[in-house]
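Asks: Structure below; questions to follow.
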Amino acid sequence: MAIENTEDIEILLAWGDLRLKTAPYGASLRGFWRETANGARRDIITSYTSVAGKVGGQGDVLIPFPGRVSDGRYTFEGKTHQMERKDKDGPNAIHGFFRSEIWKITEQSENAVTLAAEQGADKNPGYPFALRATVEYRLDDTGMTCRFAVENLGDEAAPVAAGFHPYFTVGSARIDADLLHVPMASTLEFDANLIPTGTILPVEGTGFDFREPRRVGSTAFNTCYSDPLRDPDGRLRILLSDPDTKESTTVWMDEAFGYVVLYSGDPLPDKHRRRALAIEPMTCGSDAFNHPEWGLAALAPGQVLTGSWGVHESQ
């Protein structure tokens, strides 16, 4: 049975010295940290405590699409739809609809929680499809694992994708001196409104080539990577580390995730600018509603899109 709740509830998970905080409002990841021996804490994902205190989409769950949809308009199975345009950076739809939904807690233990939410076909203008989404956060000896599922509850096919928006830190004052390893071969070219032009650019010879670990430097990211170079187990792994303290965080993604947005937060207020790096696992590229070949799922009635990603932190 679902546990009734409101956006004011926060959920704290614990496993050893790891702690994770989430909430029914948006099922967002509000914090992930390690308690240290001296009673302090080492943030792995930057934290916030209230909706009003959230900056730059911290921890958001991005369903049924991550990133932007150009002009909020798309055509699916021969029908053109117009969604609301709520992007402050241009006339676009952005980051789906579930991040402001009040989710229900369906399962909870000391180290894991599952949240679920449903939206009907009449909930969101321009998206006439009914969905049920679940997100599970779990702590264990490997770190943190997040699993998601999105089911088409309707009687016709639905365009569906998923993404997540955590900001990672390894404790440095700014990310510039951090080492970054992104084993991905291409990026999507963006226009001035942060919409892909349709051109896929090889990273080789560009400032966005982090296929070998190197310092972030002054690189300003609002960049959608594609063409992952996966490890033999099928996972993509992105590494952020502090070369001085040797603190490091590895973000892994299973084969459901073929795209990743990196965002350095340069437009944010100074308190948040370049203090952490958003590493956003995405099942599709930005504006995939207009480029379905970039990983957009057309879910048949009753079909479910699933995937998992997680974090391993070391000292």
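Numbering of the sequence shown is given in my numbering, commencing with residue 1 and proceeding in unit increments. Glycine included, every Cβ here is placed at the ideal spot set by N, Cα and C.
1. Between the alpha carbons of Ile-3 and Ile-279, how many angstroms are there, rounded?
2. Which residues does DSSP list as the beta-bridge partners of Glu-136?
3. Look up Met-83 in the DSSP assignment and give the residues it is bridged to.
4. Our contact map puts Met-83 next to Asn-124 with C-beta atoms below 8 Å; I'd like the distance itself, whole angstroms only.
5. Ends of the beta strand (DSSP E) at Thr-306?
6. Suppose contacts are defined by Cβ-Cβ distances below 7 Å. Is Pro-64 in contact with Phe-164 by that definition?
7. To the nearest angstrom, how far is it from the Cα of Pro-289 to the Cα of Arg-73?
8. Among Phe-221, Ala-256, Asn-92 and Thr-245, whose alpha-carbon lies nearest the alpha-carbon of Pro-228?
9. Would you identify the three-state DSSP class for Ile-175, choosing helix, strand or coil?
10. Return yes when the Cβ of Tyr-137 is within less than 7 Å of the Cβ of Thr-187, no when it is not.
11. Give the DSSP bridge partners of Trp-33, in chain order.
12. With a threshold of 8 Å on Cβ separation, who are the neighbours of Ala-220 within its own chain once the five nearest residues in sequence on each side are excluded?
13. According to DSSP, simplified to helix, strand and coil, what is Arg-198?
14. Going by the beta-carbon positions, is the gap between Asn-152 and Leu-299 smaller than 7 Å?
15. Out of Thr-106, Ala-276, Thr-80 and Val-150, which has the shortest C-alpha to C-alpha gap to Gly-96?
16. So the candidates are Leu-131, Glu-156 and Gly-307; which of them puts its Cα closest to the Cα of Gly-258?
17. Based on the DSSP secondary-structure assignment, which residues constitute the bridge partners of Leu-180?
18. Look at the Cβ atom of Ile-175, then the Cβ atom of Arg-274, and state whether they are nearer than 7 Å.
19. So, Pro-91 versus Arg-99, is the Cβ gap smaller than 7 Å?
20. Out of Gly-16, Lys-54 and Arg-19, which one is the CA nearest neighbour of His-272?
21. Quickly, what does DSSP pair Ile-316 with across the bridge? List them, please.
22. For Trp-252, tell me which candidate among Ala-158, Gln-58 and Gly-143 has the shortest Cα-Cα distance.
23. Could you pull the start and end residues of the beta strand (DSSP E) that Cys-284 belongs to?
Replies: On the basis of the supplied data:
1. The residue labelled residue 3 in the question sits at position 3 within the sequence shown. The residue labelled residue 279 in the question sits at position 279 within the sequence shown. Because the pLDDT at Ile-3 is just 47, under 50, the model does not fix this residue reliably, and the value given afterwards should be weighed accordingly. In a straight line, the C-alpha of Ile-3 is about 31 Å away from that of Ile-279.
2. Position 136 of the sequence shown holds residue 136. According to DSSP, Glu-136 bridges with Thr-114 and Arg-147.
3. Residue 83 sits at position 83 when you count from the first residue of the sequence shown. Answer is none; Met-83 lacks a bridge partner.
4. If you number the sequence shown from 1, residue 83 lands on position 83. If you number the sequence shown from 1, residue 124 lands on position 124. Contact flag correct, Cβ pair sits at about 7 Å.
5. What you label residue 306 is simply residue 306 of the sequence shown in a count that begins at 1. First-last of the beta strand (DSSP E) with Thr-306: 304-314.
6. As a working mapping, residue 64 is identified with position 64 in the sequence shown. As a working mapping, residue 164 is identified with position 164 in the sequence shown. Result no, Cβ atoms of Pro-64 and Phe-164 do not sit closer than 7 Å.
7. Position 289 of the sequence shown holds residue 289. Position 73 of the sequence shown holds residue 73. First, the residue type needs correcting, since residue 289 is Phe and not Pro in the sequence shown. Those two C-alpha atoms are separated by around 8 Å.
8. In the sequence shown, the residue the question calls residue 228 occupies position 228. The candidate whose alpha carbon is nearest that of Pro-228 is Ala-256.
9. One-based indexing of the sequence shown puts residue 175 at position 175. Three-state DSSP puts Ile-175 in a helix.
10. Within the sequence shown, the letter at position 187 stands for residue 187. Within the sequence shown, the letter at position 137 stands for residue 137. No, they are not a contact pair.
11. Walking along the sequence shown from the start, residue 33 turns up at place 33. Its beta-bridge partners are Arg-19 and Asp-43.
12. The residue given as residue 220 occupies position 220 in the sequence shown. The answer, listed in chain order, is Ser-264 and Asp-266.
13. Residue mapping note: residue 198 aligns to position 198 of the sequence shown, counting from 1. Reading the sequence as shown, one finds Gly at residue 198 and not Arg. Looking at Gly-198 - three-state DSSP - the assignment turns out to be strand.
14. Along the sequence shown, read from residue 1 onward, the residue named residue 152 stands at position 152. Along the sequence shown, read from residue 1 onward, the residue named residue 299 stands at position 299. The answer is yes: Cβ separation under 7 Å.
15. Here residue 96 refers to the residue found at position 96 when the sequence shown is read from its first residue. Among Thr-106, Ala-276, Thr-80 and Val-150, the Cα nearest to that of Gly-96 is on Val-150.
16. If you number the sequence shown from 1, residue 258 lands on position 258. Answer by Cα proximity: Gly-307.
17. One-based indexing of the sequence shown puts residue 180 at position 180. DSSP output for Leu-180 lists Arg-214 and Leu-240 as bridge partner(s).
18. Reading the sequence shown from its first residue, position 175 is the one you call residue 175. Reading the sequence shown from its first residue, position 274 is the one you call residue 274. Yes. Within cutoff.
19. Counted from its first residue, the sequence shown places residue 91 at position 91. Counted from its first residue, the sequence shown places residue 99 at position 99. No.
20. By 1-based counting over the sequence shown, the position of residue 272 is 272. It is Lys-54 whose Cα lies nearest to the Cα of His-272.
21. Outside the shown range of the chain, which is 1 to 315, sits residue 316, and nothing can be said about it.
22. Indexing the sequence shown from 1 puts residue 252 at position 252. For Trp-252, the nearest C-alpha among the options comes from Gly-143.
23. On the sequence shown, residue 284 is found 284 positions in, with the first residue counted as 1. Premise fails: Cys-284 is in no beta strand (DSSP E) and is neither H nor E.
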